[in-house]
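S.K.: Input: one structure, supplied below.
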Amino acid sequence: MEAMIENNVIRKEVNNKTIFSKEHFKLLEKFYGLTTEQTNGLDVVTEDISDVLETFDFAWQDGETGICYKEYDKCEMLVRRIREHCEELNVYYEIRESEDEFILDLLPSNVHLLDMRRGM
């Protein structure tokens, strides 16, 4: 695993992909044009934006999370949007399909969540 310093932020890379970090989450908030009130939870955001940001937040905190159940009417769009953001941010990700849902994994199997929280 390689660590690089870019804009005073240590970036950890796996297979030429950066591991998702707080800075990536802030970029997503900027991309969606969230106000200070929205980023602090004092104002609402649309359901579509909320779905995307919550998925990234849960996966970032836990390593992986469910994106949506397959019967959700906006599932295809949400999975596509998550994939596009991961590619644009050049972060490590894996989207898996289970029997009834899609799962976003932001943590490579050779990296442990505790190591990430300790800064490796």
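Each residue of the sequence shown is one higher than the last, beginning at 0 in numbering that gives the first Met the number 0. Quick reminder that beta carbons are idealized off the backbone N, C-alpha and C, glycines included.
#1: Could you pull the DSSP bridge partners for LEU103 from this structure?
#2: Rounded to whole angstroms, what is the Cα-Cα separation between ARG148 and ASN39?
#3: Put LYS69 into one of helix, strand or coil per three-state DSSP.
#4: In the DSSP assignment, find the unbroken alpha helix (DSSP H) run with THR35 in it and report its ends.
#5: Rounding to the nearest angstrom, what Cα-Cα distance links TYR31 and ARG82 in this structure?
M.R.: On the basis of the supplied data:
#1: THR64, ILE94
#2: Absent from the model: residue 148. The displayed extent of the chain is 0 to 119, so no value can be given.
#3: coil
#4: 35-38
#5: 16 Å
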